[in-house]
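Here is the structure we will look at, set down as structure tokens.
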Ligand SMILES: NC(=O)c1ccc[n+]([C@@H]2O[C@H](COP(=O)([O-])OP(=O)(O)OC[C@H]3O[C@@H](n4cnc5c(N)ncnc54)[C@H](O)[C@@H]3O)[C@@H](O)[C@H]2O)c1
Ligand SMILES: O=CCCC(=O)O
């Protein structure tokens with residue numbers, strides 16, 4: 001069976017005209033250079049012309065600094081309208097935003113399907129999950145407001161611990177969850193009273209362009225400002241000003257490191273980083289083979305393996321490696337590859353133009369060092385379609401052992417002793433999650449302990465994943481700094497401060513009525 005290139009069918013593509021900018025509460029036409037946004041899908045059979053689905057403004061240094069200035073002015077050293085607004089007002093505004101976003105749900109789902117090629121089911125899930133995340137965040141924020149256990153009386157001092165905004169956030173998200181991941185820091189930041197400059201993901205910008213007018217309508221001028229275009233051009237000037245107080249970045253560590261280095265006062269920059277990962281799966285000899293194959297299949301290949309939480313290196317015990325590979329590869333080759341709107345489709349075109357060539361490089365490197373492609377349909381590609389490719393046996397000499405493939409490539413490592421896994425953990429720079437598949441889980445306690453001290457989440461007989469979004473989502477080593485989740489993100493984007501008095505007459509009630517208790521702060525759960 002050969003693979004043919006993805007051709008746009010009768011479904012009408014969306015078109016989002018992003019020749020405009022959101023700055024200081026206004027959406028204005030952009031007359032500078034623009035970037036065409038193409039879906040990675042060919043217009044017609046025999047043609048390599050991709051489908052044009054929109055434009056984004058290719059902002060320059062001056063335009064991005066203008067967006068920053070608007071955010072700085074709206075923050076006004078903590079005296080801006082939004083920073084001083086009551087929690088109730090901010091809640092009402094976020095609820096208004098949600099209501100407005102839900103009116104463009106279909107448009108956003110469509111552009112996620114065309115621009116980043118999420119299947120219809122996954123694109124809808126990205127939108128709906130984001131709405132659930134916002135609902136959960138609002139619930140948590142309201143609970144924080146009610147917290148009455150934040151008082152301490154000690155040595156004649158009555159003190160209360162509160163949380164307040166930090167200032168100006170620079171927010172960047174990745175192409176694979178362009179809507180959901182940016183919202184995971186954007187919404188908590190807004191609720192806590194910060195002002196934001198949001199850099200739209202270069203691939204994945206259209207979902208945000210669809211909601212530009214909504215932001216202008218809902219929030220006071222300067223509270224939310226968008227920057228679009230090349231990150232290399234627009235981000236360094238912003239970081240160089242030293243006016244960014246929170247750097248909320250979800251993406252690759254290369255870009256994050258480059259930007260962090262530019263801030264002139266890094267010691268005072270609060271960073272929330274969710275970065276690259278190379279999550280490992282460990283398949284033990286006594287695992288339930290059928291159940292393990294099902295979980296590993298979803299864990300390694302949903303959305304073409306383009307998830308930070310994807311299983312990106314599988315350690316399989318050598319005694320069951322043949323049986324595992326036979327069962328797993330059969331399922332891999334059955335996965336339906338096609339266009340996002342086709343029913344039952346699991347694998348779709350890769351939205352990053354350079355990804356097929358990169359995956360080819362990794363495969364060639366592994367093959368030259370002794371690995372084989374072990375699934376029948378592996379290595380097939382056509383334009384941006386790449387069939388999942390299972391490599392075995394993979395070893396430390398190969399690039400795919402070290403690099404985050406972020407695509408449909410599954411490296412499998414045979415192991416004899418758990419020491420082989422421990423050696424990997426010791427040298428790996430990644431530390432997001434891991435999965436263990438075993439029958440006798442208790443016997444795996446030493447392995448689970450080793451993993452618990454190396455990664456942010458250990459999954460037992462289950463794939464790695466971020467959800468449910470109430471759970472803390474973090475990681476160790478170079479994979480993360482700070483924690484995202486419904487419950488943690490509000491703390492990540494705020495700062496704790498204390499109000500204290502020696503005036504006995506004031507009491508808790510008096511203190512609650514003063515020093516911002518009615519406005520820009522909430523009691524923290526201490
Ligand atoms: N840990 C997590 O929660 C999580 C979630 C999703 C994705 N990711 C990671 O994100 C990566 C995939 O996403 P990606 O390819 O969009 O990441 P990326 O680092 O290329 O891009 C992330 C953001 O940074 C911008 N950017 C990229 N290069 C830049 C540069 N040189 N200067 C300034 N800005 C720049 C992009 O426009 C985008 O908005 C993977 O490594 C994946 O593991 C992590
Ligand atoms: O890419 C990051 C998040 C993926 C997930 O939801 O598990």
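Numbering (full-length UniProt numbering), first residue to last: 1 to 526. Glycine included, each C-beta is placed from N, C-alpha and C at the ideal position.
Per DSSP, the bridge partner or partners of residue i
i: residue 411; result: 391
i: residue 248; result: 171 and 272
i: residue 7; result: 42
i: residue 428; result: Bridge partners of residue 428: none, in fact.
i: residue 460; result: 436
i: residue 26; result: 23
i: residue 501; result: 158
i: residue 202; result: None; residue 202 has no bridge partner.
i: residue 372; result: 392
i: residue 385; result: 382
i: residue 226; result: 198
i: residue 97; result: The partner list for residue 97 (beta bridge, DSSP) is empty, contrary to what the question assumes.
i: residue 127; result: DSSP lists no partner for residue 127.
i: residue 283; result: 316 and 437
With 16 other Cβ atoms within 10 Å as the buried cut-off, status of residue i
i: residue 508; result: exposed
i: residue 463; result: buried
i: residue 61; result: exposed
i: residue 77; result: exposed
i: residue 144; result: buried
i: residue 80; result: buried
i: residue 214; result: buried
i: residue 416; result: exposed
i: residue 496; result: exposed
i: residue 163; result: buried
i: residue 123; result: buried
i: residue 94; result: buried
Three-state secondary structure assigned by DSSP to residue i
i: residue 338; result: coil
i: residue 144; result: helix
i: residue 154; result: strand
i: residue 16; result: strand
i: residue 321; result: helix
i: residue 177; result: coil
i: residue 55; result: strand
i: residue 278; result: coil
i: residue 511; result: helix
i: residue 195; result: strand
i: residue 471; result: coil
i: residue 265; result: coil
i: residue 304; result: helix
i: residue 517; result: Any reading at residue 517 needs caution, since the residue's pLDDT is 43, under 50, leaving its predicted position unreliable; the model's value is listed next. Coil at residue 517, not helix or strand.
i: residue 445; result: helix
i: residue 397; result: coil
Residue of the options minimising C-alpha distance to residue i
i: residue 338; options: 26, 83 and 113; result: 113
i: residue 456; options: 471, 445 and 294; result: 471
i: residue 189; options: 110, 75, 255 and 156; result: 75
i: residue 231; options: 291, 207, 56 and 187; result: 56
i: residue 410; options: 424, 379 and 421; result: 379
i: residue 126; options: 16, 139, 365 and 303; result: 303
i: residue 28; options: 510, 216, 416 and 484; result: 216
i: residue 183; options: 37, 376, 420 and 469; result: 469
i: residue 245; options: 166, 279 and 253; result: 166
i: residue 89; options: 192, 327 and 354; result: 192
i: residue 319; options: 340, 354, 307 and 286; result: 286
i: residue 347; options: 297, 370 and 308; result: 297
i: residue 527; options: 301, 392 and 118; result: Summary: the structure shown does not reach residue 527, with the chain confined to residues 1 through 526, and so no result is reported for it.
i: residue 404; options: 277, 35 and 153; result: 277
i: residue 424; options: 159, 395 and 176; result: 395
i: residue 106; options: 146, 135, 13 and 433; result: 13
Short Cβ contact (8 Å threshold) for residue i with residue j
i: residue 382; j: residue 5; result: yes
i: residue 68; j: residue 238; result: yes
i: residue 480; j: residue 275; result: yes
i: residue 174; j: residue 25; result: no
i: residue 283; j: residue 437; result: yes
i: residue 573; j: residue 243; result: Residue 573 cannot be examined here, being either before or after the span of the chain that is shown, 1 to 526.
i: residue 406; j: residue 305; result: yes
i: residue 272; j: residue 72; result: no
i: residue 45; j: residue 7; result: yes
i: residue 281; j: residue 314; result: yes
i: residue 179; j: residue 108; result: yes
i: residue 64; j: residue 292; result: no
i: residue 104; j: residue 54; result: no
i: residue 447; j: residue 418; result: yes
i: residue 18; j: residue 211; result: no
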